[in-house]
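In what follows, a structure is listed as structure tokens, so that the remarks can point back to it.
Residue numbers (my numbering), protein chains in the order written: chain A, 221 to 924; chain B, 111 to 262; chain C, 258 to 529.
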């Protein structure tokens, strides 16, 4: 029986369910001490003086002067310091680090910091400091707008979203000697161990040997993509100065206040349509609040802009995006990475276009949906693995959408739909520049996968092993997966962008094919016994047909796309304006499901996060910091908040993916919010922002 | 002080106001019980005290004198619910899983889907959307899972 | 940020007598279910450092009848209230409220006496007790006294309790009318209320709100209007002036006021 396509036993073993799986805070080292971050209490200004109001004996204290390399987190830019030197740009910005072996003394240490404060900028619409501008142009949108029968305008807003991985950020930095040189090993909850390596090499200069080992990670969702470089750098600084292992685990409040969140957005649409429903022009303006430092904002903006026109064909498109500075903690990667924001906007806008035309919104989508052979906003010609119509028709059929929408008129129940897509893998030439590698090693009993791809709950260990097992033709049980330790595994690129199964899985497939040739009919055990170990390493080769112009932002943005259509059925309480989701039907096409149960888990989990984004999750900012930074006050869905989920997995294989697989991790995130808001529209509620809280809905209703 | 920990009479030395969660993880070396929030909101720290699921991050050690405390380790490593959580993908990243299992294990013999949802309403999961957790728990009790959704 | 445990001190009492004797001689803060304790300590909103753990005082757990009066021991947990046939029969709105407090873990530990003593403006049992005109039974080593819940609070989290007293029971005389309860939380479970209402429909209706003031409140002017035969529209108008909710991280004054009036109408319509 092949492994691929079956819900085989997972490579994680049973440790997660017995409590034996080792997360960062479960691990201790001899002589380990604890670290704490002293953070700014102003949003903008300068540090004037620092005074220690505690007995400093026994403490390790680190500030920016302890940095031997460069005090910047090396990501896209190098603008963000590990530790404030003088200028403070956001609340909770790290200024100092303390370490001590007694946690009570550590937490009791009072540090008095005097600041010169300046007036902070919190409103992105008033910010003039632009991190990145993007322009996507196709045809002549201005002319086409002028010639349209009708122009529909609208502005749509999305707020911050906090990841709420149930395991907060945490790392342990352990000094170690490598070949006589003093180095450090970082054990931690990370999605991208090699990102941390890159950041620490800049922080320390190349000199100390550094390795990063991923511990069992309790959720990431992008919140542990780039942020861990910061906490790892802090722990490493303390470890190297004290000579002791240093553990830093954030408590929930610190994690929520200080670490990255989803970029808030304001998206303006002006769409030209003809009376028959054809969309002839799309003019879109995208503004994203990047926070105080660049981090990943340019790429979030990029993906957001590329998806901003939705899964629709249109010959004349102008998308202008910018991401700007504000004096708030920097925003960063979060599942979907810009697309949930812009696809929310376009799908609600489509509903309004249908209303303006007096046309059925399913019919409007049907008419304009991308089909194989159509070109996207960046001019990419879509191929056979394009499934917009397939998912739309299935969702409409399965939910009896048209008839039931009619039936619900005049009740307090609404039915809404959203059509969406999500490019898998890095944008454009991204996969090419990553130069991702994977390695397969022969072992006495089978093979070992050695990549930097991390298991964060999505099933990396399992799906990679399934692919290798079938590609190599050996039993699934004989494939083991190495724990990501940067000193021991190949750099397969970050575990992000819905690429881990599709892209890294493909490299592993190539490795397996090469190994199969070299084994030449022997089993791994036979070969190992006779010839000993060997390993095979391959690099990712994007499909040769991909052409992308980074300067003009034109061409093949992604090798393939996943497609989805969500239908949300909701009920609004007439007295309290609370929205009760009754059922959510998620039809998603993502090529071949390598492990059906894991794939379903991605859809169900991503849908839950999308529902939270739509209805519950509101970050309240006060004075530039999150005021509701407890799980009591920032609420994610509980069991009782979740509706019935009806998941349909459809398949339209991507030939370039391993066994026809496409990326899936982020796709489910793009649909729930517009589906829910479109259900509210169906009830006559003109909601154009999320979260659609009861307070917002109350203000949308006719005055009582 | 003395408590019955996972069926064994155990002497523990710690401050009486120490959180039970910390005593379990540190003094007792049982790191299966997790801290997700420290406010009693996420349920990752759930243990049984005298058969009842509680948040161990809210319990002062003084209150478990002579009590029967069961943690995830008390279920061993071969409990059917543990296998079901892995096989049904009720556990993805796994950090909520010990607490989720301890809340579920207190369920009666024939729970409906609603019973399961209510029993787990104090346990947050960010990965699964809960459906697979319902499937795992209902299967454990031999109850029908059709209403808990299934893939096409 | 985690409070230093080493600075805290606790004694445990095994009986009511023992507890009261300790309190007579020593200033300590009683703790029972402790569902708010560490949260308050870590937030810096709880000053006290010396505690009296009364969790083991089992004599305070009983739920019983004294003639026609329902007597609920201060240490009755929400779980025991939910399961009690006596509460189900005599004060079903308390069962409803208890079901919506936290989740099972909180219900297994949180106590009625704790909810009353803690005095949060958002305490979900409090509007129920206020609408039912419950009586708080307080005891010290020297004496016992009874205080109507409607006179129990003097301000934000401030009560008439003396340092040497414990709540031993909550008493509810027969409730002569349909009971009604509604909590609007931030989500469906594990939620702090944005607004919470309890009502008893009689010729002289009793209506209480939580999360609209510094304490739980009855709305006597609104009640009087309804008792005098005023229309629901008139009552809504009175209510709009009688309560003054605020904005906070969870909700807005405008929403709270609007929903309060909607729920008043709903209460009136459903119990009519």
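The beta carbon of each residue, even a glycine, is placed where N, CA and C say it ideally should be.
Within chain B, partners of residue i - CB distance below 9 Å
i, result
"residue 292 of chain C", "150, 165, 168"
"residue 345 of chain C", "In chain order: nothing, as chain B lies at least about 17 Å away."
Own chain partners of residue i with C-beta closer than 7 Å, once the 5 adjacent residues on each side are dropped
i, result
"residue 451 of chain A", "389, 391, 468"
"residue 235 of chain A", "241"
"residue 279 of chain C", "268, 270, 285, 309"
"residue 476 of chain C", "464, 466, 496, 499, 500"
Residue i - DSSP class collapsed to helix/strand/coil
i, result
"residue 492 of chain C", "helix"
"residue 309 of chain C", "strand"
"residue 453 of chain C", "strand"
"residue 323 of chain C", "strand"
"residue 924 of chain A", "Model confidence at residue 924 of chain A stands at a pLDDT of 35, short of 50, so the residue's coordinates are unreliable and nothing is read from them."
"residue 506 of chain C", "coil"
"residue 119 of chain B", "strand"
"residue 705 of chain A", "strand"
"residue 498 of chain C", "helix"
"residue 411 of chain C", "strand"
"residue 518 of chain C", "helix"
"residue 421 of chain A", "helix"
"residue 895 of chain A", "helix"
"residue 238 of chain A", "helix"
"residue 474 of chain A", "helix"
"residue 166 of chain B", "helix"
"residue 744 of chain A", "helix"
"residue 460 of chain C", "coil"
"residue 313 of chain A", "coil"
"residue 731 of chain A", "helix"
"residue 263 of chain C", "helix"
Proximal residues of chain A, C-beta to C-beta of residue i below 7 Å
i, result
"residue 230 of chain B", "859"
"residue 183 of chain B", "239"
Own chain, CB closer than 8 Å to residue i, minus 5 neighbours either side, in chain order
i, result
"residue 397 of chain A", "403"
"residue 302 of chain A", "284, 287, 291, 292, 293, 314, 423, 450, 453, 454, 457"
"residue 462 of chain A", "253, 280, 319"
Same chain, Cβ closer than 6 Å to residue i, neighbours up to 5 away in sequence not counted
i, result
"residue 908 of chain A", "376"
"residue 527 of chain A", "559, 562, 563"
"residue 291 of chain C", "none"
"residue 478 of chain C", "495, 499"
Per-residue contacts from residue i into chain A (C-beta, under 8 Å)
i, result
"residue 211 of chain B", "237"
Within chain C, partners of residue i - CB distance below 9 Å
i, result
"residue 245 of chain B", "The contacting residues do not exist; residue 245 of chain B stays about 20 Å from chain C at best."
Within chain C, the residues that residue i reaches when beta carbons sit closer than 7 Å
i, result
"residue 914 of chain A", "512"
Residues that residue i contacts on chain B, provided the C-beta gap is smaller than 7 Å
i, result
"residue 310 of chain C", "170, 172, 173"
Using a Cβ cut-off of 9 Å, which residues of the region 186 to 208 of chain B contact any Cβ in chain A, in chain order?
Those residues of the region 186 to 208 of chain B that come within reach of chain A (Cβ to Cβ, closer than 9 Å) are 186, 187, 188, 189, 191, 192, 193, 194, 195, 196, 197, 198, 199, 200, 201, 202, 203, 204, 205, 206, 207, 208.
Three or more C-beta pairs under 8 Å: does that hold for the region 814 to 831 of chain A against the region 360 to 378 of chain A?
The region 814 to 831 of chain A, when compared against the region 360 to 378 of chain A, does not touch it at the 8 Å Cβ threshold.
Counting pairs of Cβ atoms below 8 Å between the region 326 to 333 of chain C and the region 168 to 183 of chain B, do you hit three or more?
Look at the beta carbons and you see the region 326 to 333 of chain C not touching the region 168 to 183 of chain B: under three pairs across the two are nearer than 8 Å.
Got a sec: which bits of the region 490 to 524 of chain C sit with their beta carbon under 7 Å from any beta carbon on chain A, in order along the chain?
Against chain A - using a Cβ distance shorter than 7 Å - the residues of the region 490 to 524 of chain C are 506, 507, 508, 509, 512, 515, 516, 519, 520, 523.
Segment contact flag, the region 346 to 359 of chain A with the region 805 to 813 of chain A, C-beta cutoff 8 Å, min 3 pairs
Counting Cβ pairs under 8 Å, fewer than three are found: no touch.
Does the count of Cβ pairs from the region 786 to 804 of chain A and the region 911 to 918 of chain A closer than 8 Å reach three?
Touching, yes, given that three or more Cβ pairs across the two stretches are closer than 8 Å.
Segment contact, 8 Å Cβ cut-off, at least three pairs: the region 719 to 737 of chain A with the region 685 to 692 of chain A:
Judged by Cβ distances under 8 Å, the region 719 to 737 of chain A makes contact with the region 685 to 692 of chain A, as three or more pairs qualify.
So if I threshold CB-CB distances at 7 Å, which residues from the region 827 to 844 of chain A count as touching chain C?
Contact annotation: in the region 827 to 844 of chain A, residues whose CB is within less than 7 Å of a CB in chain C are 836, 840.
Kindly confirm or deny that the region 585 to 592 of chain A and the region 607 to 617 of chain A touch, where touching means at least three C-beta pairs closer than 8 Å.
By the Cβ criterion, the region 585 to 592 of chain A is in contact with the region 607 to 617 of chain A, since at least three pairs of Cβ atoms, one from each stretch, lie closer than 8 Å.
Taking a Cβ distance cut-off of 7 Å, strictly less, list which residues of the region 767 to 795 of chain A are near chain C, in chain order.
Against chain C - using a Cβ distance shorter than 7 Å - the residues of the region 767 to 795 of chain A are 795.
Is there contact between the region 404 to 413 of chain A and the region 671 to 684 of chain A, where contact requires at least three CB pairs shorter than 8 Å?
The region 404 to 413 of chain A vs the region 671 to 684 of chain A: in contact.
Residues, ordered as in the chain, of the region 630 to 646 of chain A that lie near chain C by beta-carbon distance below 8 Å
Answer in chain order: no residues at all.
What are the residues in the region 258 to 286 of chain C lying within 8 Å of chain B by C-beta distance?
So the close ones are 259, 262, 263, 265, 266, 267, 269.
Does the region 832 to 846 of chain A come close enough to the region 645 to 664 of chain A to have 3 or more Cβ pairs within less than 8 Å?
Under the three-pair Cβ rule at 8 Å, the region 832 to 846 of chain A does not count as touching the region 645 to 664 of chain A.
For the pair the region 247 to 258 of chain B and the region 209 to 221 of chain B, tell me if three or more CB-CB distances fall below 8 Å.
With the cut-off at 8 Å, the region 247 to 258 of chain B and the region 209 to 221 of chain B touch.
Interfacial residues, the region 462 to 482 of chain A to chain B, with Cβ spacing under 9 Å:
Listed by position along the chain: 469, 471, 472, 473.
Between the region 734 to 751 of chain A and the region 765 to 778 of chain A, can you find at least three pairs of beta-carbon atoms closer than 8 Å?
Contact between the region 765 to 778 of chain A and the region 734 to 751 of chain A is absent, because fewer than three Cβ pairs lie under 8 Å.
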